[in-house]
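Reading through the C-alpha cells given below for one structure.
In the UniProt record's numbering, the protein residues as written are 1 to 278.
Structure (C-alpha cells):
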C-alpha cells in the first residue's frame, strides 16, 4: 500500500526526541511539505491513548495555518487502534484557505495504514457578541480539595464524586502538568489531549456490562471538540460529562469544559463502541 510504504520510508528513518511531557509530545518533526512525524511515550498499554493522536493531528494541521486563524472546531474518526511503539506520520491536506475560515484535513498513518482521520476548521478573530448560556455546575468542589487520580498521562486528574447518583455523568478537574508557554495553538492541542479522558467510560455507563470492562469490547469511534473561547490547558479546567444513551452497540457522551472562574471554553462529544466480547 502506498501509505504503508510512506510510513516505512519516513516513519522508520527519522530520529525522534524523547517524549517526557506534553510539550515534547507536541513537537512534531517535519519530514516533507505538509507531513509531520510524531511519537509518544511507551506506557506498556499496547495501543496509543486516543488523545495523543488527536492532539498531534491537530498540531500538524495548525502548523500549516497562519497564526491569524485560531482553531474553532475539529471532528476526528478513529480508524483503527494505534501502536504505541511506532511513530505516527501525519499528512495534511490544505482543503481551503479563506479570509475568514481555513480548513485542513489530516490523516494519521502507521505501518498498518491509517489510524485517524481529522478535519479541522480555523477562524480569524472577529468582533461580535459574547453570551454564555451554560453555567458552571453548582456546588462543585475546587481541585485543591480533591486528590489526584493515578495516571501515566501528562496531566493531573481530580475526580468529583457524585454520591449515589445513578445517571451517566461524571465531573473532573484536569490540567496539563508543566508550563505550556503562551502559544494559543499549543493550548488548543493540549485541550484536545485532555478531552479524550473519561468520555468513553461515561458513554458506556448505561451498558449492562458497565464496570465489568474485561467482558466488554470497547473503543472510541469518533471525537469532536468545539473551542468557544481561548483557553490555557496548564491551568485547571472542569470537565462536566454526561452520557446520552446506547443504541446499536454505540454509546454517546458529551462534556462541557469550564475554567475555574466559570467561563465555558469548549464542548466535547464522542461516540464509542461497547459490546460483549465474543
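From the three backbone atoms N, C-alpha and C, an ideal C-beta is built for every residue, glycine too. Owing to the predicted nature of the structure, the values given are computational and were not obtained by experimental measurement.
Paired residues, beta bridge with residue i - DSSP
i           : result
residue 117 : 77, 107
residue 90  : 36, 108
residue 226 : 73, 267
residue 122 : 71, 102
residue 248 : Bridge partners of residue 248: none, in fact.
residue 219 : 273
residue 240 : 171, 256
residue 53  : Paired residue(s): none; residue 53 is not in a bridge.
residue 47  : 83
residue 96  : 103
Whole-angstrom distance between residue j and residue i, CA atom to CA atom
i           : j           : result
residue 122 : residue 278 : 43 Å
residue 150 : residue 143 : 15 Å
residue 14  : residue 70  : Here residue 14 scores only 47 on pLDDT, less than 50, and its place in the model should not be relied on; the value that follows carries that caveat. In a straight line, the C-alpha of residue 14 is about 30 Å away from that of residue 70.
residue 24  : residue 154 : 11 Å
residue 133 : residue 194 : 23 Å
residue 47  : residue 78  : 12 Å
residue 82  : residue 68  : 32 Å
residue 216 : residue 201 : 12 Å
residue 269 : residue 32  : 33 Å
residue 249 : residue 35  : 35 Å
residue 135 : residue 113 : 43 Å
residue 182 : residue 63  : 16 Å
residue 267 : residue 192 : 11 Å
residue 265 : residue 45  : 31 Å
residue 259 : residue 94  : 32 Å
residue 204 : residue 161 : 18 Å
residue 158 : residue 59  : 26 Å
residue 180 : residue 190 : 9 Å
residue 214 : residue 80  : 20 Å
residue 96  : residue 57  : 17 Å
residue 152 : residue 37  : 22 Å
residue 49  : residue 127 : 37 Å
residue 220 : residue 117 : 13 Å
Assumed close pair residue i, residue j - CB separation to whole angstroms, cut-off 8 Å
i           : j           : result
residue 272 : residue 218 : 6 Å
residue 256 : residue 240 : 5 Å
residue 75  : residue 227 : Contact doesn't hold; Cβ gap of about 13 Å is too wide.
residue 231 : residue 187 : 6 Å
residue 348 : residue 119 : Limits of the chain in this structure are 1 at one end and 278 at the other, which puts residue 348 out of reach.
residue 140 : residue 237 : Wrong, their Cβ atoms sit about 12 Å apart, outside the cutoff.
residue 178 : residue 22  : 7 Å
Residue range of the alpha helix (DSSP H) that includes residue i
i           : result
residue 187 : 184–194
residue 140 : Premise fails: residue 140 is in no alpha helix (DSSP H) and is neither H nor E.
residue 133 : Run containing residue 133: none; DSSP gives neither H nor E here.
residue 24  : 22–25
residue 199 : 199–203
Span of the beta strand (DSSP E) around residue i
i           : result
residue 160 : 155–160
(message) Check whether the segment 94–101 and the segment 51–60 are in contact - that is, three or more C-beta pairs closer than 8 Å.
(response) The segment 94–101, when compared against the segment 51–60, does not touch it at the 8 Å Cβ threshold.
(request) Answer yes if the segment 102–118 comes into contact with the segment 70–89, meaning at least three C-beta pairs across the two stretches below 8 Å, and no otherwise. (result) Contact between the segment 70–89 and the segment 102–118 is present, because at least three Cβ pairs lie under 8 Å.
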